[in-house]
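Visitor:
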Amino acid sequence: MKMIVAIIQPAKLPDVKNALFAADVRKMTVTNVIGCGQQAGYTESYRGSVFEINLLKKVRIEIAVNDDFVKPTVDAIIKGARTGNIGDGKIFILDLPECIRIRTGEQGQDAIG
Amino acid sequence: MKMIVAIIQPAKLPDVKNALFAADVRKMTVTNVIGCGQQAGYTESYRGSVFEINLLKKVRIEIAVNDDFVKPTVDAIIKGARTGNIGDGKIFILDLPECIRIRTGEQGQDAIG
Amino acid sequence: MKMIVAIIQPAKLPDVKNALFAADVRKMTVTNVIGCGQQAGYTESYRGSVFEINLLKKVRIEIAVNDDFVKPTVDAIIKGARTGNIGDGKIFILDLPECIRIRTGEQGQDAIG
Amino acid sequence: MKMHGRKALLLILASFCAVFAEDGTQYNMVDTMWVLIAGFLVFFMNAGFAFVEAGFCRAKNVVNILAKNFMVFALAAIAFWALGYGLMFGKGGAIIGTDSFLFSSTANSPVTNIPVFAFFFFQLAFAAAGCSIISGAVAERIKLISFIIFGIVMVAVIYPLTGHWIWGGGWLSSLGFHDFAGSTAVHSVGGWCALTGILILGPRMGKYRADGSQRAILGHSIPLATLGGFILWFGWFGFNPGSQLAMDENVPRIALTTALASCAGIIGGMAVSWRISKKPDLSMVINGCLAGLVAITAPCAVVTPAASILIGLIAGIIVVYSVMFFDKLKIDDPVGALSVHLVNGIWGTLAVGLFAAPELFGGKAGLFYGGGFKQLGIQLTGIAATGTTVFILSFLLWSIIKSIFGLRVSHEEEIGGLDVGEMGLEGYSGFQIFTTEDIGPSISFESSKTARNKVQEVVR
Amino acid sequence: MKMHGRKALLLILASFCAVFAEDGTQYNMVDTMWVLIAGFLVFFMNAGFAFVEAGFCRAKNVVNILAKNFMVFALAAIAFWALGYGLMFGKGGAIIGTDSFLFSSTANSPVTNIPVFAFFFFQLAFAAAGCSIISGAVAERIKLISFIIFGIVMVAVIYPLTGHWIWGGGWLSSLGFHDFAGSTAVHSVGGWCALTGILILGPRMGKYRADGSQRAILGHSIPLATLGGFILWFGWFGFNPGSQLAMDENVPRIALTTALASCAGIIGGMAVSWRISKKPDLSMVINGCLAGLVAITAPCAVVTPAASILIGLIAGIIVVYSVMFFDKLKIDDPVGALSVHLVNGIWGTLAVGLFAAPELFGGKAGLFYGGGFKQLGIQLTGIAATGTTVFILSFLLWSIIKSIFGLRVSHEEEIGGLDVGEMGLEGYSGFQIFTTEDIGPSISFESSKTARNKVQEVVR
Amino acid sequence: MKMHGRKALLLILASFCAVFAEDGTQYNMVDTMWVLIAGFLVFFMNAGFAFVEAGFCRAKNVVNILAKNFMVFALAAIAFWALGYGLMFGKGGAIIGTDSFLFSSTANSPVTNIPVFAFFFFQLAFAAAGCSIISGAVAERIKLISFIIFGIVMVAVIYPLTGHWIWGGGWLSSLGFHDFAGSTAVHSVGGWCALTGILILGPRMGKYRADGSQRAILGHSIPLATLGGFILWFGWFGFNPGSQLAMDENVPRIALTTALASCAGIIGGMAVSWRISKKPDLSMVINGCLAGLVAITAPCAVVTPAASILIGLIAGIIVVYSVMFFDKLKIDDPVGALSVHLVNGIWGTLAVGLFAAPELFGGKAGLFYGGGFKQLGIQLTGIAATGTTVFILSFLLWSIIKSIFGLRVSHEEEIGGLDVGEMGLEGYSGFQIFTTEDIGPSISFESSKTARNKVQEVVR
Ligand SMILES: Nc1ncnc2c1ncn2[C@@H]1O[C@H](COP(=O)(O)OP(=O)(O)O)[C@@H](O)[C@H]1O
Ligand SMILES: Nc1ncnc2c1ncn2[C@@H]1O[C@H](COP(=O)(O)OP(=O)(O)O)[C@@H](O)[C@H]1O
Ligand SMILES: Nc1ncnc2c1ncn2[C@@H]1O[C@H](COP(=O)(O)OP(=O)(O)O)[C@@H](O)[C@H]1O
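Protein chains in written order, with the numbering used here: chain A, 3 to 115; chain B, 3 to 115; chain C, 3 to 115; chain D, 700 to 1159; chain E, 700 to 1159; chain F, 700 to 1159.
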């Protein structure tokens, strides 16, 4: 099993979710994060001083999947999140040796979906 | 060492924390997340339109433990979080090759606790 | 590649960011978390009852790096975050088998930076 | 008011209770104080509009909406001072006033019991209210500069023009059109401007789906919206009773009809939304309250308390259906300004023709009080004349502004929020806020009907 | 007020300063304006109650609490209009009024200097206040529909009944019971209803632990609660001085005693909470202010400024201990309504019997001013009679409602929040909010004493 | 006001419209009501100050700032009651009042048309305002106890001393110094105290970098700050027009100059900030509004409406540059209190000497109205005398407090927030808030110039 972690633009979350659903990936955990990457920030001004915001709002999606689902999942994320602009984000794939469903105690591949 | 990541119902956090303390697991990192799983959402209405909320509030707990602590930790989480209802959540267990305590620079198993 | 996860004091984020930039690490994802560790909490009072806060505000930094960047990154985090007090936090290092840049579809070491 | 013998004498004596200005003009200081305090309350309604609108918008646009409302009084003041007051209350014909520009102490005033400064102050507060109505309707997508320019011209020209017809001695008032505190003169006029603005701007991104269905875009702070509702409600006790422009024995009744209509509006909005969506929708209840207030604004002085309850109740019912109706037409009004101010402004103006009680209306009566269709016809004339005029003028004005400055912010800015794009300042520094829409209403999953069907039961 | 010769003449002349109604009745327009404006301020207190209660509740219940407070004026208005006013101020015997139902211009009024519409408006605002008190006490667990029904019946029947005894010419007023602006008639009555509600409802889930100790359930927005406190404070300058129902030379003194008592209440609450918890607890300071205001409500017109400071100071001290006392009894009152309104309503009513100054009280005097126990005894009678009656009636009413509709939401709904369950709408869309309690107060770790002992030093 | 024959007779008759107190003194009840209501509005400004300051501070200090503002009226009341009122308005020489301590009904009053209770109430509200100004300037780093002690002594001694000179019959008023509602007496005095406080406290941690550049420390809630701005604006209609202490024909004009100056201040602040930072900075627009209000406070009764626009416009321009200027000097004023109250208090006081119109100023005139430098010189004298005195006294007072209690919280507490450290209570329980500064303005990356240069384009 793999743990897929994607950092995307907040505005693309609905698209990514749609694409994942279309690929039959229906479980995920979403976190509000701020990110710092290639993407330039923007300036704001407050009480006479101008300043740069370079930690930008992003959304982090965590999806645990069986190995055969890795490709469809990654593809769906890319499909939903890509605009071609800097700041589109990253996908990280980690090994996931174990997964347990709290409700039933099921383990492994049965528990993930 | 392992990194245990559990997604649970927000309301169960106190119980899980109690169960972990009882199992002598006293270190953890908690994040506010929203999750999408088997659990159905609920409807809200706003200005005449009814809509479904299907990204539900969850709590993510991250616990780094030595290998012999994995089972007690998982058991404690299940003990604290299980209600038997859909939405109880998942536990993911990842390998954790290294851990460092920032204060002392200690590494590995000494650093984790 | 490795996924470095550091839990630090919120007030040290600027210092850590500075230290990372100085070490030429410019990409990261930051999350607001609350943590429970060795550090004691503090008391608040509300409407006549005194209570302890022992889940303290922390910041979680996630940095994906190539293997040769692990040491500089860890050193920079320690440099920026260490005060020598309890509560300084932890660094966890996980294996990261794969990384994909959403914008370009690049994979692996090319995608990470 | 007819006076005979003894009473007249007493009134003459009573009139001594006044302070005399240097030029020998005599003002009633009780009336003056009343009008000033009412003006303060109307002024405070700016805060009410600001927070209703801010609460019903998303967090990423909150600074923008607050700025518009905070500055609107300033813009209105200068515009009304220079041009608007003269067009509205200057001496002139049936169509428009032609003197008293650049307001000063010698300006023309329709009332003699209070100093012209007090009258101007009160009218100024009214003019700003008209402008505030628009800002909510076009929120979350309009360029700041374009709104500002529209607001200035609107207060300087459009509002005074129809205002002159109704309150400045123009043709509608000669006709007998009755709009006591401005259901038409203020609220509908603002509403028509808002409507044309929305028509030209189009809906917010993501509000309507490809399949024609609509998504709820949740307001970011119901507490702020509720605060705004309370402040508007409070301020309305200056708006309506203050419009008597004197403290006489009618004022308490006006305060009471105002209060009762708002209460009935709440009950109407609550009942209908409870029926429709199985829950009493607070955002609709607030709109219901405001709808009741808008509707009673025209008839508040000429109807009985019992009639005011009916008028308000109907307003509260109308507003809910109206919100849903506009959404069907894909007319995207984030705060319900059209339903509250335009639709209920019309309803309230009509209500004069239906419910006016002869003993309160100088012998004339509404339809239900045996006065036949006469007054109703006059009211309809006024509504139609004002509506057509303001619709055309505001449509033209928006179009001109659009061709020069553009009306709408860029797509990127709309997604990222007008606070970053237009204001360079975020509303809630340090707070973790989901900017993605998905937190609120779920998007539709056409590709996945099964998932959708499951979402029924309420869990947690 | 006694009048002789010259002065009487002047007063007669002064009385000409009034406008005369068609029916020859003469009203004082200065008084009328005062009562109206005071009524507006009292009306605005609805917002104050709403935000104190909203701020002291959790974010997941904020829409529910706001809705209750936003709608309460509407419910009270209709109930008071139809039934309450007649029972309270209608002509009738010592027990209850029996005419003036379905209020209209011919309704009975105890005062003649202002139109009955003004009097009704002012009383209406008061009636709503009584009902608002309850909503905070039963917050975060009561079913909306059950609260609404209770509120309507309470304003229609319970409040007018005892109100008739005290203000409507009933037996308590004949006895000489003095409750100027309603420490008992409004605040204690609301407080008793709140108490019976809490007793039947029980505490919020998780408020008291198995071992009997209590957990703090933190309010979600101290800024909103503070805003509410400021608005209530502001509104009280209508509540107390307005209750004179005339603008005479006593009013400034009443405004001053009101202000001073609130200040002393703040200082009392601050000092005690500082002593007890080593920090000045702002939530207690706000309660202290309100406690001072409630306590001065009965005696504000008959005590000296110096006495008002003492009354307020004691109120501020009482309120802190009272909050802790109710918590010991496991009577869970999220906003401190019992301590503020019930306990200090009683204290304020007693204070008349202790501090009334003969020169302000028509020659009668309180205990400390040499008047003996007479007035104190009367005050005690009033408190006991009102308390017993309201306790029993409200207990019955809650019980009946419980048996028909149920009083309490389900456990799931209480955990997930009433906003989702009862209102179908969340307060802060897009904001990331921890719904788990654990963010606030820590739970107790009986199993892990050592961990607990370490939590001492204050770090970051 | 000169009176002749017929008019005098009428006025005498008019004066009958009053209620007579037992002691035969005659008060004007219209004036009394006006002063009371104005006092309520000024009182409500406390809420305005509280929310402007709270909004412009960080979330971690919000309870602290609210508590200071909520309690300040209480502290001021007791201090002013016991000592301040006597020093300010007691009979005495040119320097200080020497009776009327422990205020009671027999206290000295400069006005005879209203009861001394009303006058005291109004002055009390003013005294609290002076103190509120300071709390914003020293926010986010001062110890609560030290601020409380400063506030008490300031209201008890410093404010009354210079207040006596200006309003209590002291030497400045004899000289002809004109400060109608307190640009100097209230605002500058508060501003000077704030300045010395900041000088001794030093800037907030992290506000200025080693290289001398400054970082923006963002306010946590622009909605709250805007709410505060609206409430202050609303309250100012009590502050200025109420200072007439009577309801006469001048009051409407004063209300109007107040309104126009605030509008012009908004436009000034908006225009300048738009020019400087390419965006209209709402935080500056709010400051601009308040600056206009402070500036018109001294001259509001003696200038024409046109002049008031100019005065306000200049104030709005000044305030933006002043904020930037103080930041250059590393004088860290989180809310802009110095720029609003001190700088524009001075500007407004000078404006009397420039713009006073002879027909409104008893024949005397300002420089631009042909009066030469005379009045300007007097105004300058007053500014200098008050400024020097208050600077020295407040500097001494802060120093003494510092040596006894310390002024500043510990570094840990400042980082972790005063809410935890000083108040033991957090403002937003359950909300996820970034306490790190980095969310707002970015830190400087001296070591990494390239990264910095890239940050230009505005994306999402
Ligand atoms: N190496 C990394 N480690 C952790 N987070 C990263 C890393 N690289 C990118 N991110 C996250 O992805 C977001 C987008 O990265 P960015 O470099 O702007 O996008 P792009 O993929 O277009 O180069 C960043 O804001 C950050 O949150
Ligand atoms: N495969 C997964 N990947 C990531 N998060 C998951 C996954 N499965 C479940 N979750 C998280 O766990 C939560 C509960 O899942 P759900 O399927 O409702 O529970 P159950 O364990 O009862 O089937 C989800 O809301 C989601 O946050
Ligand atoms: N084993 C762990 N698993 C998960 N998070 C941890 C673990 N240990 C520490 N943390 C996180 O690091 C933070 C600091 O830990 P603490 O023990 O106080 O610091 P120190 O490194 O000084 O011992 C905690 O609040 C928690 O968020």
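Idealized CB from N, CA, C, for every residue including glycine. Since the structure is predicted, the reported quantities are computational estimates derived from the model, not experimental observations.
Shortest alpha-carbon distance to Leu-783 of chain D belongs to which of D:Gly-862, D:Phe-739, D:Glu-839?
Guide: The residue you call residue 783 of chain D lines up with position 84 of the fourth sequence. It is worth fixing the name first, because residue 783 of chain D is Gly in this sequence and not Leu. The shortest C-alpha separation from Gly-783 of chain D is found at D:Gly-862.
Visitor: Is it true that the CB of Gly-835 of chain D sits closer than 8 Å to the CB of Ala-1036 of chain D?
Guide: Reading the fourth sequence from its first residue, position 337 is the one you call residue 1036 of chain D. Reading the fourth sequence from its first residue, position 136 is the one you call residue 835 of chain D. Cβ atoms of Ala-1036 of chain D and Gly-835 of chain D: closer than 8 Å.
Visitor: Looking at the strands, I want to know which residues DSSP matches up with Met-5 of chain B.
Guide: Position 3 of the second sequence, counted from the start, is the residue given in the question as residue 5 of chain B. B:Ala-66, B:Leu-96, per the DSSP bridge assignment.
Visitor: Answer yes or no: the CB of Ala-737 of chain D versus the heavy atoms of ligand 2, is any distance below 7 Å?
Guide: Counting from one through the fourth sequence, the residue named residue 737 of chain D turns up at place 38. No; taking the cut-off as 7 Å, the Cβ of Ala-737 of chain D has no heavy atom of ligand 2 nearer than that.
Visitor: For Phe-1072 of chain E, which of helix, strand or coil comes out of DSSP?
Guide: Taking the first residue of the fifth sequence as position 1, residue 1072 of chain E is located at position 373. In this structure, Phe-1072 of chain E counts as coil in the three-state DSSP scheme.
Visitor: Please name the residue in E:Phe-818, E:Gly-754, E:Trp-733, E:Met-983 whose C-alpha comes closest to that of Gly-967 of chain E.
Guide: What you label residue 967 of chain E is simply residue 268 of the fifth sequence in a count that begins at 1. It is E:Met-983.
Visitor: Which residues in chain D have a C-beta closer than 8 Å to the C-beta of Glu-46 of chain A? List them in chain order.
Guide: Counting from one through the first sequence, the residue named residue 46 of chain A turns up at place 44. What Glu-46 of chain A touches in chain D: Val-1119, Gly-1123, Leu-1124, Glu-1125.
Visitor: Find the residues of chain A that neighbour Ile-10 of chain B, judging by a C-beta separation of less than 8 Å, and give them in chain order.
Guide: The count along the second sequence starts at 1 and reaches residue 10 of chain B at position 8. Result: Ile-104.
Visitor: For ligand 1, which residues count as neighbours when the test is a C-beta closer than 6 Å to any heavy atom?
Guide: Those satisfying the condition are, in chain order, A:Ile-9, A:Gly-37, A:Cys-38, A:Gly-39, A:Gln-40, A:Gln-41, A:Leu-58, A:Lys-60, A:Ile-88, A:Gly-89, A:Asp-90, A:Gly-91, A:Lys-92, C:Lys-29, C:Met-30, C:Thr-31, C:Glu-64, C:Ile-65, C:Ala-66, C:Arg-103, C:Ile-104, C:Arg-105, C:Ile-114.
Visitor: Between the segment 887-903 of chain D and the segment 1064-1072 of chain D, do at least 3 Cβ pairs fall closer than 8 Å?
Guide: Contact between the segment 887-903 of chain D and the segment 1064-1072 of chain D is absent, because fewer than three Cβ pairs lie under 8 Å.
Visitor: List, in chain order, every chain A residue whose beta-carbon is nearer than 8 Å to that of Ala-83 of chain B.
Guide: Position 81 of the second sequence, counting from 1, holds the residue named residue 83 of chain B. Result: Ile-104.
Visitor: Check the DSSP bridge columns for Asn-34 of chain A and list the partner residues they point to.
Guide: The residue you call residue 34 of chain A lines up with position 32 of the first sequence. Per DSSP, A:Val-61.
Visitor: With C-beta atoms as the reference, is Arg-757 of chain E less than 8 Å away from His-877 of chain E?
Guide: Mapped onto the fifth sequence, residue 757 of chain E falls at position 58. Mapped onto the fifth sequence, residue 877 of chain E falls at position 178. It is not a contact, given that the beta carbons lie outside the stated cut-off.
Visitor: Under the three-state reduction of DSSP, which class applies to Gly-1015 of chain D: helix, strand or coil?
Guide: For the purposes of this step, residue 1015 of chain D is identified with residue 316 of the fourth sequence, where counting begins at 1. In this structure, Gly-1015 of chain D counts as helix in the three-state DSSP scheme.
Visitor: Taking only three categories from DSSP, how would you classify Ile-52 of chain B?
Guide: Indexing the second sequence from 1 puts residue 52 of chain B at position 50. First, the amino acid is wrong: residue 52 of chain B is Val here, not Ile. Strand, per DSSP.
Visitor: Classify Ser-912 of chain F as buried or exposed, calling it buried when 16 or more other Cβ atoms lie within 10 Å of its own Cβ.
Guide: Within the sixth sequence, residue 912 of chain F is the residue found at index 213, counting from 1. Burial call: exposed.
Visitor: Tell me which same chain residues have a C-beta within less than 6 Å of the C-beta of Ala-737 of chain E, skipping the five on either side of it?
Guide: As a first step, residue 737 of chain E must be located in the fifth sequence, where it is residue number 38. So the list reads Gly-937, Gly-941, once near-sequence residues are dropped.
Visitor: Kindly indicate which residue of E:Phe-1094, E:Gly-1081, E:Gly-754 has the alpha-carbon position closest to the one of Gly-869 of chain E.
Guide: The residue you call residue 869 of chain E lines up with position 170 of the fifth sequence. Nearest of E:Phe-1094, E:Gly-1081, E:Gly-754 to Gly-869 of chain E, Cα basis: E:Gly-1081.
Visitor: Taking C-beta pairs closer than 7 Å, name the residues in chain B that Val-35 of chain C reaches, listed in chain order.
Guide: Here residue 35 of chain C is taken as the residue at index 33 of the third sequence, counted from 1. Near Val-35 of chain C (Cβ distances below 7 Å), the residues of chain B are Thr-31, Val-32, Thr-33.
Visitor: Just to confirm, are Phe-750 of chain D and Gly-927 of chain D a CB contact at a threshold of 8 Å?
Guide: Residue numbering aside, residue 750 of chain D sits at position 51 when the fourth sequence is read from its first letter. Residue numbering aside, residue 927 of chain D sits at position 228 when the fourth sequence is read from its first letter. Cβ distance < 8 Å, so Phe-750 of chain D and Gly-927 of chain D count as in contact.
Visitor: Report the residue from F:Trp-932, F:Met-728, F:Ile-1016, F:Leu-823 whose alpha carbon sits nearest the alpha carbon of Thr-996 of chain F.
Guide: Residue mapping note: residue 996 of chain F aligns to position 297 of the sixth sequence, counting from 1. For the residues F:Trp-932, F:Met-728, F:Ile-1016, F:Leu-823, the minimum Cα distance to Thr-996 of chain F belongs to F:Trp-932.
Visitor: Compute the Euclidean distance between the alpha carbons of Phe-1090 of chain F and Ala-970 of chain F, then round it to the nearest angstrom.
Guide: If you number the sixth sequence from 1, residue 1090 of chain F lands on position 391. If you number the sixth sequence from 1, residue 970 of chain F lands on position 271. Their Cα atoms are separated by approximately 33 Å.
Visitor: Keeping to the same chain, check which residues put their C-beta closer than 7 Å to that of Pro-902 of chain E; ignore five residues upstream and five downstream.
Guide: Numbered from its first residue, the fifth sequence carries residue 902 of chain E at position 203. Excluding sequence neighbours, Pro-902 of chain E sits near Lys-1029, Asp-1031.
Visitor: Got a sec: which bits of the segment 968-989 of chain F sit with their beta carbon under 9 Å from any beta carbon on chain A, in order along the chain?
Guide: Taking 9 Å as the Cβ-Cβ cut-off against chain A, the residues of the segment 968-989 of chain F that qualify are Ser-972, Ile-975, Ser-976, Lys-977, Lys-978, Asp-980, Ser-982, Met-983, Asn-986.
Visitor: List, in chain order, every chain A residue whose beta-carbon is nearer than 8 Å to that of Gly-1035 of chain F.
Guide: Here residue 1035 of chain F corresponds to residue number 336 of the sixth sequence, with the count starting at 1. In chain order: Arg-49.
Visitor: Any idea what DSSP makes of Tyr-1127 of chain F, helix, strand or coil?
Guide: As a first step, residue 1127 of chain F must be located in the sixth sequence, where it is residue number 428. It is coil, neither helix nor strand.
Visitor: List, in order along the chain, the chain F residues whose C-beta lies closer than 7 Å to that of Phe-1025 of chain D?
Guide: The residue labelled residue 1025 of chain D in the question sits at position 326 within the fourth sequence. Per Cβ cutoff of 7 Å: no residues; Phe-1025 of chain D is ~27 Å from chain F at best.
Visitor: Got a sec? Which residues, its chain only, sit under 6 Å from Ala-793 of chain D by beta carbon, not counting five neighbours each side?
Guide: As a working note, residue 793 of chain D is residue 94 in the fourth sequence. Result list for Ala-793 of chain D: Gly-869, Trp-870, in chain order.
Visitor: For Lys-59 of chain B, return the contacting residues in chain A, with the cut-off set at a CB-CB distance below 9 Å.
Guide: The residue labelled residue 59 of chain B in the question sits at position 57 within the second sequence. Those do not exist, as Lys-59 of chain B stays about 10 Å from chain A at its closest Cβ, beyond 9 Å.
Visitor: State yes or no: is the C-beta of Leu-93 of chain A within less than 8 Å of the C-beta of Ile-104 of chain C?
Guide: The residue given as residue 93 of chain A occupies position 91 in the first sequence. The residue given as residue 104 of chain C occupies position 102 in the third sequence. Note that residue 93 of chain A corresponds to Ile in the displayed sequence, not to Leu. Closer than 8 Å, so yes.
Visitor: Please return the same chain residues whose Cβ sits closer than 6 Å to the Cβ of Thr-797 of chain F, not counting the five positions on each side in sequence.
Guide: If you number the sixth sequence from 1, residue 797 of chain F lands on position 98. So the list reads Gly-789, Gly-791, once near-sequence residues are dropped.
Visitor: List, in order along the chain, the chain C residues whose C-beta lies closer than 9 Å to that of Arg-914 of chain E?
Guide: Residue mapping note: residue 914 of chain E aligns to position 215 of the fifth sequence, counting from 1. Here the neighbours are Ser-51, Phe-53.
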